[in-house]
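Below is one structure, written out as structure tokens; comments come after it.
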Amino acid sequence: MPSQPAMNQSGKSRTASAFALCAGLFLAVSLLKFGNPAILEHAVQMAQLGGQPPPANVGLAEILIGRNTKGPDDIYELLFQAWPIHWGYWMIGALACLGVCAARWRLPKPAWLAATPLIWLVWLFVSAVDTIDPVLTRLTMVHLTAVVLCYCLGLFVLSKVETIRLFWTPILLGFLLMIYIGFEQHFGGLEATRRFIYSQPGWENLSPEYLKRLASNRIFATMIYPNALAGALLLLLPAMTIAAWQIAHFLTKPTRLVLAGLVLIVGLACLFWSGSKAGWLFALVQGVVLLLGTRLQKRWKIMVVAAVVFVGLIVFAFRFSEYFQKGAPSASARIEYWRVAVRVFLDYPITGTGPGTFKTNYQRLKPREAEMARLTHNDYLQQACDSGLPGAMAYAVFIWGTLHRCRRISLSDKMSHAVWLGLLGWSLQGLTEFGLYVPASSWTAFFLFGWLMGKSESTE
0 MPSQPAMNQS GKSRTASAFA LCAGLFLAVS LLKFGNPAIL EHAVQMAQLG
50 GQPPPANVGL AEILIGRNTK GPDDIYELLF QAWPIHWGYW MIGALACLGV
100 CAARWRLPKP AWLAATPLIW LVWLFVSAVD TIDPVLTRLT MVHLTAVVLC
150 YCLGLFVLSK VETIRLFWTP ILLGFLLMIY IGFEQHFGGL EATRRFIYSQ
200 PGWENLSPEY LKRLASNRIF ATMIYPNALA GALLLLLPAM TIAAWQIAHF
250 LTKPTRLVLA GLVLIVGLAC LFWSGSKAGW LFALVQGVVL LLGTRLQKRW
300 KIMVVAAVVF VGLIVFAFRF SEYFQKGAPS ASARIEYWRV AVRVFLDYPI
350 TGTGPGTFKT NYQRLKPREA EMARLTHNDY LQQACDSGLP GAMAYAVFIW
400 GTLHRCRRIS LSDKMSHAVW LGLLGWSLQG LTEFGLYVPA SSWTAFFLFG
450 WLMGKSESTE
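Just so we're aligned: 397 in numbering that gives the first Met the number 0 is position 398 of the sequence shown, and the numbers increase by one with no gaps anywhere.
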């Protein structure tokens, strides 16, 4: 008869496996349904409602229960439109309740680095006390708290799970469905959507951001806009390629190679069609880092890396030649965002102006002719602007400290190294985008940061 400790351990193992499956399902759903930035939730709702003004005030209770948020009206909207973000918060809460039953409460070494997200979150709450826009700060703080909770679930629960295939299988399915939607958009879906929208009365009242996205041929799949799709691809494509190989373990080796290769090819195709300039360059960096870590002889390694860089830059120049002929307008706009963010940081260097308040600052400080922006398009600079130097330092130290800490250790396992490469790409894109504020990518990234940090201790 098995002993009581053995029975408890077996029960905890089953709970951990159930958690891995539920976590994978949640992140798959996130990719498909939570692609709108938390801070833009009401702007997106306003666009869907034909330009109606947002609520004058939003409290914490309203955010969590979605009192002022329009949900799906029918099964069609439930299946094909983004979901209200408060649904995701409740899913994370349910996942946390399950995770508590399987968690192992031990910080990996160095403990100070593993605890940095908690330090960052505490400082965000400190900076929120004196915010210049309580509504935006509440929206942002709920989201960022969920982000750190995802990290904790990855660190204390997911990293201890042995049957990790249960985690990757649903994510791969969700990822492939996102890719399918991207292909559908490229091969006629965007044009069909344009014709439908333009045939509706009052389409001129939709938000300028939505109309601009609609007029472009750049695909965005289930994300808010094309660069957000590029961020999700940078984050997950390496891991999904390995997942396709590992999940198909029962097939022959050539068949597994074909499946993994197909996942890689369709992912790169969507990255190309997204039209993300920085995304393509960061993917090139990922490829170079991957090649530098191989066991090829030094001479061959240099030749292959040089060839990859050459071909990648040729494709980049061909794909974006028209963009540069127009004077790189989006790059000029970003420089203006960053100029305002630096000015705000210099004015409020300790606590910033409150999490999520860049929009309020930019509205006040931008040139009259500049287009409006709600986010800095640089996650690191956004932290400095919103929460001062301590917040920016804590965030940057966590991101790059974890990548440095886990790089060597990740080389011992294909999936760990693929996850590390994806996190490297996502972290690099944070220099030019706002992936931290897109739930689909930030929840996934911090889950994987936690998993990688927790797993690093067991592989030392």
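Ideal Cβ placement from N, Cα and C applies to all residues, glycine included.
Helix or strand or just coil, what does DSSP make of residue i?
| i | result |
| --- | --- |
| G292 | coil |
| F357 | helix |
| A15 | helix |
| F433 | coil |
| M222 | coil |
| F319 | coil |
| P253 | helix |
| M239 | helix |
| G351 | coil |
| W279 | helix |
| I398 | helix |
| W299 | helix |
| F445 | helix |
| T136 | helix |
| G49 | Low per-residue confidence applies at G49: pLDDT is 49, beneath 50, and the placement is therefore not dependable enough to give any value. |
| K325 | coil |
| P169 | helix |
| T130 | coil |
| M371 | coil |
| F33 | coil |
| P389 | helix |
| N116 | According to the sequence as given, residue 116 is Pro; it is not Asn. The answer is helix: DSSP assigns P116 an H, G or I state. |
| S273 | helix |
| I264 | helix |
| D346 | helix |
| L189 | helix |
| W543 | The structure shown has nothing for residue 543, since the chain only spans 0 to 459. |
| K211 | helix |
| G421 | helix |
Should residue i go down as buried or exposed, given a rule of 16 or more other Cβ atoms within 10 Å for buried?
| i | result |
| --- | --- |
| G230 | buried |
| L171 | buried |
| M302 | exposed |
| R13 | exposed |
| M371 | exposed |
| Q199 | exposed |
| H142 | buried |
| F195 | exposed |
| Y179 | exposed |
| H248 | exposed |
| T139 | buried |
| L451 | buried |
| F33 | buried |
| K211 | exposed |
| Y379 | buried |
| I408 | buried |
| Q296 | exposed |
| S275 | buried |
| T352 | buried |
| I91 | buried |
| Y336 | buried |
| Y150 | buried |
| W299 | exposed |
| S320 | exposed |
| V314 | exposed |
| G449 | buried |
| L123 | buried |
Below 8 angstroms on the Cβ atoms is my guess for residue i versus residue j; work out the distance and round it to an integer in Å.
| i | j | result |
| --- | --- | --- |
| A444 | L422 | 6 angstroms |
| T375 | D132 | In fact, because the Cβ distance is near 15 angstroms, the residues do not count as touching under 8 angstroms. |
| A242 | Q184 | That belief does not hold up - the Cβ atoms of A242 and Q184 are roughly 24 angstroms apart, past 8 angstroms. |
| L30 | A439 | 5 angstroms |
| T115 | V396 | 6 angstroms |
| I223 | V437 | 7 angstroms |
| K358 | L135 | 7 angstroms |
| V287 | V307 | 7 angstroms |
| V339 | Y361 | 5 angstroms |
| I460 | A19 | Examination of residue 460 is not possible in this model, given that the chain is present from 0 through 459 alone. |
| R373 | I38 | 6 angstroms |
| W442 | V146 | 6 angstroms |
| L263 | T240 | 5 angstroms |
| V460 | A15 | Beyond the ends of the chain as shown, which are 0 and 459, falls residue 460; an answer cannot be given. |
Decide if the stretch 214 to 227 is in contact with the stretch 401 to 416; the criterion is three or more beta carbon pairs, one per stretch, under 8 angstroms apart. Too few Cβ pairs lie closer than 8 angstroms, so no.
For the stretch 379 to 388 against the stretch 341 to 356, do three or more pairs of beta-carbon atoms, one drawn from each stretch, fall closer than 8 angstroms, so that the two count as touching? The stretch 379 to 388 vs the stretch 341 to 356: in contact.
Taking contact to mean at least 3 C-beta pairs separated by less than 8 angstroms, is the stretch 75 to 82 in contact with the stretch 410 to 421? The stretch 75 to 82 makes no contact with the stretch 410 to 421: fewer than 3 CB pairs, one atom from each, lie closer than 8 angstroms.
Is it the case that the stretch 151 to 171 contacts the stretch 96 to 104, given that we only count it when at least three CB pairs across the two stretches are under 8 angstroms? Under the 8 angstroms Cβ criterion, the stretch 96 to 104 counts as touching the stretch 151 to 171, having at least three qualifying pairs.
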